[in-house]
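Q: Dropping a structure here in C-alpha cells format, bear with me for questions.
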Ligand SMILES: Nc1ncnc2c1ncn2[C@@H]1O[C@H](COP(=O)(O)OP(=O)(O)OP(=O)(O)O)[C@@H](O)[C@H]1O
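Residue numbers (full-length UniProt numbering): 1 to 585.
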C-alpha cells in the first residue's frame, strides 16, 4: 500500500496551483461543470466496463462502511470522468455534488485529489484550502490511481467528505480499493493468457505428425491432439491410458520431483526410418509395382549424374523420399541435403531465404545477415519442393543462380560460387503453368532434365506390400492383415496417398484384437472421400460406380484380368464384356 509523504504533497499541490493559474483559472471564478449525459455518457461507461465491473464488486463488500450521507466514493476513468458513485454529499447548493458523468480532471475542476492522483500517478489527499476553487474548500478528498496489468493509469478511486470529517484512514482505504481492483485485473489477464496458451498448445499439438497425449499423474488423458483423438476416439479425454514400450514419453515433474504430467508421443522410438540427419535411401522406396521398380532404377542411375530432376506427383506419393534417395545414392551424400518448401515461404522473403542477405539488408532481418539455402546446400543437394508455387520474381533470381552457378546475398556485392545439385518437385502441371504465364519458360527448361512421376497410391498394384512394410514400423510390428482387410485396402480409392494409408494402418493396429487386422478395423477418413478430384466430380450413378470399382480393381493388379475378375468376384468373360461395354483402357 502506498504511504503519503505530506511535504511531498505540499509541493505537488503547489505545482498544481501554478498549472491552474497558467490555464487562466481563478479560485473564485465559476467552475466548469462539464457533465456527460445521454449517448456520450453511455459510450464512456461502455469503454470502462471492466473497470466498473471490478470496482463495483469490491465496493459492494465495503458498502456498509461507505454508503452514508457523509461520504461519497467515486470511480473515475483515465480522463477524470466519474463512472461510478456510492454515497452522497448533501449540501445546500446541490443534492448531488459529484455526479456520474462529471469531470474532475485538474483542467476542469482545478486542484483536487482525483485530478492530481491521475496527473501524479500516486495517492493524494487534498484537504480544504488545498483545493484550487474556493467553492471546494469545504471538502476533504483522498484518491489513488488504478493501474492496468501493463502499468498504465486507467482511472482512480476517490473518497470525499466534509473537511471536518478528515481522517487519514481515507487515503488508506482508497489505496486498498485500488490495489484490490488491480489484483482482479491481473488475475483476469492471467486467466485470459492461460486460455490463449492452451489454444496455442492445441494448435501446435495438432501440427505434430504423430498422436500426442498429455496424461495427469493418475495416467488419465488430459489433452490429445487430433491424430490421437482420431486413434483413441473423440471421448478419450479423462480415460486412463497405459503407455507401451516404444512410445516416446516425456515426464514433467514439479520442484519436489513429483510427476504431475507426462507427454506421450505414440510413435515407436526404435524402428528403422529417417530420423534427424538420417536421410532416406533407395532401399526405403518400397514396392514391386512396375512404376516403383522403374523409379528405383532411375534414382540409381540419375544419382550418378548432376542432371536436373523434376519430380511430379500428388502430395504423399514419396517425392521427398525420392529426392533424398537421389542425394544419398550419389557422391554428394556426405554433404547437406536442404529441403525448401517454396509455397510455405512468404513471397517477400523467398529471395532472402534462397540467396541469403547481408547485414542491414532490410528491416526485421538478422543484424549480422544470414546465408541462404543455396549456400547452406553448397556441395550437396537443394530440394525445391512445390516449385510451381514460386513467385515470378524469385523464379528470375533462381534462373540466374542455375545459369551462373553463383549467388549474391541480398544487399551484398560478393559473388559466391556454389556447387549445388537442384531437385525440384511439384504437384502442378508446369507446362500448363508456363502457358498461363505463371511459370517462366526458360526456368522450366533449365529444371526439366529427368522427370520422375511417382504414381498415386490408387494406381499402384502393390498396396498390400507397402501396407505390410508400413506395419513393420508400427508399435505392434507383428500384426497381420486378414484377407478381408487386404481386399478392403485394395478396393479403396486412396485420395490421401501413403500418409493416409499409414495413418489408417496405425489406427487399425490399435483397434486390432489379437494379432490380426480385420476389415472392420480399417476406418477410412470420410473427409478425404469427399475431397475433390477430377474423377470425383463425376456424378454418382450406378453405372459410374460400377465403372469406378472395375477400374480400381484393374489398376490394383496392373490389368491382370484373372486377378481383377477374382477381386470383383465375376468371371473373366464378364469382365471382358464390361471392359468393352464401358470402353475402359
Ligand atoms: N514407395 C514408398 N515406400 C515407402 N514409403 C513411402 C513410399 N512412398 C512414400 N512413402 C512414405 O510416404 C510418406 C510421404 O512421403 P513424402 O513426404 O516423400 O511424400 P511427398 O510427395 O513429398 O509429399 P508432400 O508433397 O505432401 O510433401 C513418407 O512417410 C514416406 O516415407
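A virtual CB, placed ideally from N, CA and C, is assigned to each residue, including glycine.
Fair warning: this is a prediction, and the values are worked out from it, not measured in the lab.
Just list the alpha helix (DSSP H) runs in the segment 430-483, keeping only unbroken ones of 4 residues or longer that don't cross its boundaries, in chain order.
A: Here the runs fully enclosed are 430-435, 441-447 and 463-471.
Q: Beta-carbon separation of residue 471 and residue 505 under 9 angstroms?
A: Counting from one through the chain shown, the residue named residue 471 turns up at place 471. Counting from one through the chain shown, the residue named residue 505 turns up at place 505. It is a contact, given that the beta carbons lie within the stated cut-off.
Q: Measuring straight from C-alpha to C-alpha, what distance separates residue 104 and residue 84?
A: As a first step, residue 104 must be located in the chain shown, where it is residue number 104. As a first step, residue 84 must be located in the chain shown, where it is residue number 84. Roughly 13 angstroms between the two C-alpha positions.
Q: Pull up the distance between the alpha-carbon of residue 312 and that of residue 296, whole angstroms please.
A: Counting from 1 along the chain shown, the entry for residue 312 is found at position 312. Counting from 1 along the chain shown, the entry for residue 296 is found at position 296. In a straight line, the C-alpha of residue 312 is about 15 angstroms away from that of residue 296.
Q: So is the beta-carbon of residue 313 under 8 angstroms away from any non-hydrogen atom of ligand 1?
A: One-based indexing of the chain shown puts residue 313 at position 313. Checking every heavy atom of ligand 1 against the Cβ of residue 313, one is found closer than 8 angstroms.
Q: Relative to the C-alpha of residue 642, which residue among 241, 443 and 385 is closest?
A: For the chain, the structure presents residues 1 to 585; residue 642 sits outside this window and is missing.
Q: Among 490, 544, 545 and 516, whose alpha-carbon lies nearest the alpha-carbon of residue 524?
A: For the purposes of this step, residue 524 is identified with residue 524 of the chain shown, where counting begins at 1. Among 490, 544, 545 and 516, the Cα nearest to that of residue 524 is on 490.
Q: Quick check: the segment 385-399 against the segment 427-439, are at least 3 beta-carbon pairs closer than 8 angstroms?
A: yes
Q: Which residues have a Cβ closer than 5 angstroms to any heavy atom of ligand 1, listed in chain order?
A: 285, 286, 287, 315, 316, 317, 318, 319, 320, 321 and 498
Q: Quick check on the DSSP output: the alpha helix (DSSP H) that includes residue 350 runs from which residue to which?
A: Locating residue 350 in the chain shown gives position 350, counting from the first residue. Taken as a continuous stretch (DSSP letters only), the alpha helix (DSSP H) holding residue 350 covers 350-355.
Q: Does DSSP put residue 72 in a helix, in a strand, or in coil?
A: The residue given as residue 72 occupies position 72 in the chain shown. In the structure shown, residue 72 sits in a strand (DSSP, three-state: E or B).
Q: Which residue from 224, 75, 79 and 101 puts its Cα closest to that of residue 39?
A: Start at 1 with the first residue of the chain shown, and residue 39 comes out as number 39. The option with the nearest alpha carbon to residue 39 is 101.
Q: Please return the same chain residues whose Cβ sits closer than 6 angstroms to the Cβ of residue 114, not counting the five positions on each side in sequence.
A: Position 114 of the chain shown holds residue 114. For residue 114, where only same-chain residues beyond five positions count, the Cβ hits under 6 angstroms are 76, 80, 104, 143, 156 and 158.
Q: If you draw a straight line from the C-alpha of residue 107 to the C-alpha of residue 86, how long is it?
A: Walking along the chain shown from the start, residue 107 turns up at place 107. Walking along the chain shown from the start, residue 86 turns up at place 86. Using only the alpha carbons, I get a separation of about 24 angstroms.
Q: Would you call the CB atoms of residue 382 and residue 338 closer than 9 angstroms?
A: As a first step, residue 382 is located in the chain shown; it is residue number 382 there, counting from the start. As a first step, residue 338 is located in the chain shown; it is residue number 338 there, counting from the start. Yes; because the gap between Cβ atoms is below 9 angstroms, this pair is in contact.
Q: Please report the residue range of the alpha helix (DSSP H) in which residue 52 lies.
A: Sequence index remark: in the chain shown, residue 52 carries index 52 (1-based). For residue 52, the uninterrupted alpha helix (DSSP H) segment begins and ends at 49-66.
Q: Do residue 372 and residue 407 have their beta-carbon atoms positioned less than 9 angstroms apart in this structure?
A: Here residue 407 refers to the residue found at position 407 when the chain shown is read from its first residue. Here residue 372 refers to the residue found at position 372 when the chain shown is read from its first residue. A contact, by the Cβ cut-off of 9 angstroms.
Q: Going straight from the alpha carbon of residue 34 to that of residue 148, what length do you get?
A: Here residue 34 is taken as the residue at index 34 of the chain shown, counted from 1. Here residue 148 is taken as the residue at index 148 of the chain shown, counted from 1. Going by the C-alpha atoms only, they are around 26 angstroms apart.
Q: What residue from 65, 501 and 165 has the CA that sits closest to residue 456's CA?
A: Translated into positions along the chain shown, residue 456 becomes position 456. Comparing Cα positions, the closest option is 501.
Q: Tell me, to the nearest whole angstrom, how far the beta carbon of residue 466 is from that of residue 286; I am working on the premise that it is less than 8 angstroms.
A: As a position in the chain shown, residue 466 is number 466, starting the count at 1. As a position in the chain shown, residue 286 is number 286, starting the count at 1. Between residue 286 and residue 466 the Cβ distance is about 6 angstroms, and since that is below 8 angstroms, they are a contact.
Q: How close, in whole Å, do the beta carbons of residue 145 and residue 178 come, if the pair is a contact with beta carbons under 8 angstroms?
A: Along the chain shown, read from residue 1 onward, the residue named residue 145 stands at position 145. Along the chain shown, read from residue 1 onward, the residue named residue 178 stands at position 178. Going by Cβ atoms, the distance from residue 145 to residue 178 rounds to 7 angstroms, so yes, they are a contact pair.
Q: In three-state terms, what does DSSP make of residue 156?
A: Taking the chain shown and counting its residues from 1, one reaches residue 156 at position 156. If DSSP states are grouped into helix, strand and coil, residue 156 belongs with the strands.
Q: Kindly indicate which residue of 475, 458 and 405 has the alpha-carbon position closest to the one of residue 446.
A: In the chain shown, counting from the first residue as 1, residue 446 sits at position 446. For the residues 475, 458 and 405, the minimum Cα distance to residue 446 belongs to 405.
Q: Under a three-way DSSP split, which group does residue 224 fall into?
A: Position 224 of the chain shown, counted from the first residue, corresponds to residue 224. Strand, per DSSP.
Q: Where do the N-terminal and C-terminal ends of the beta strand (DSSP E) with residue 555 fall, by residue?
A: Position 555 of the chain shown, counted from the start, is the residue given in the question as residue 555. No beta strand (DSSP E) holds residue 555; the alpha helix (DSSP H) holding it covers 542-556.
Q: Unbroken alpha helix (DSSP H) runs of length 4 or more, entirely within the segment 169-228: which are they?
A: Listed in chain order, they are 169-207.
Q: Go ahead and label residue 8 buried or exposed: buried means 16 or more other beta carbons lie within 10 angstroms of its beta carbon, across all protein chains shown.
A: Within the chain shown, the letter at position 8 stands for residue 8. It counts as exposed.
Q: Taking 9 angstroms as the threshold (C-beta atoms), are residue 121 and residue 153 in contact?
A: Numbered from 1 along the chain shown, position 153 holds the residue referred to as residue 153. Numbered from 1 along the chain shown, position 121 holds the residue referred to as residue 121. A contact, by the Cβ cut-off of 9 angstroms.
Q: Determine the burial state of residue 211: buried for a count of at least 16 other Cβ atoms within 10 Å of its Cβ, exposed for fewer.
A: Walking along the chain shown from the start, residue 211 turns up at place 211. With 16 or more other Cβ atoms within 10 Å, it is buried.
Q: Going by alpha carbons, who is nearest to residue 184 out of 71, 57, 417 and 251?
A: Here residue 184 corresponds to residue number 184 of the chain shown, with the count starting at 1. Of 71, 57, 417 and 251, the residue nearest in Cα terms is 57.
Q: If you run the structure through DSSP and keep just helix, strand and coil, what is residue 38?
A: Translated into positions along the chain shown, residue 38 becomes position 38. Note: residue 38 maps to helix in three-state DSSP.
Q: Would you kindly work out how many angstroms separate the C-alpha atoms of residue 548 and residue 342, rounded to a whole number?
A: In the chain shown, residue 548 corresponds to position 548, counting from 1. In the chain shown, residue 342 corresponds to position 342, counting from 1. Roughly 35 angstroms separates the two Cα atoms.
Q: Can you list, in chain order, the residues of its chain whose CB lies under 6 angstroms from that of residue 573, leaving out five sequence neighbours each side?
A: For the purposes of this step, residue 573 is taken as the residue at position 573 of the chain shown. Cβ neighbours of residue 573 beyond the five flanking positions: none.
Q: Let me know if residue 260 comes out buried or exposed under the rule of 16 or more other beta-carbons within 10 Å of its beta-carbon.
A: Here residue 260 is taken as the residue at index 260 of the chain shown, counted from 1. With fewer than 16 Cβ atoms within 10 Å of its Cβ, residue 260 is classed as exposed.
Q: Could you pull the DSSP bridge partners for residue 261 from this structure?
A: If you number the chain shown from 1, residue 261 lands on position 261. Answer by DSSP bridge pairing, in chain order: 216 and 252.
Q: Could you give the first and the last residue of the continuous beta strand (DSSP E) run that contains residue 637?
A: Since the displayed the chain opens at 1 and closes at 585, residue 637 lies outside it and no answer follows.
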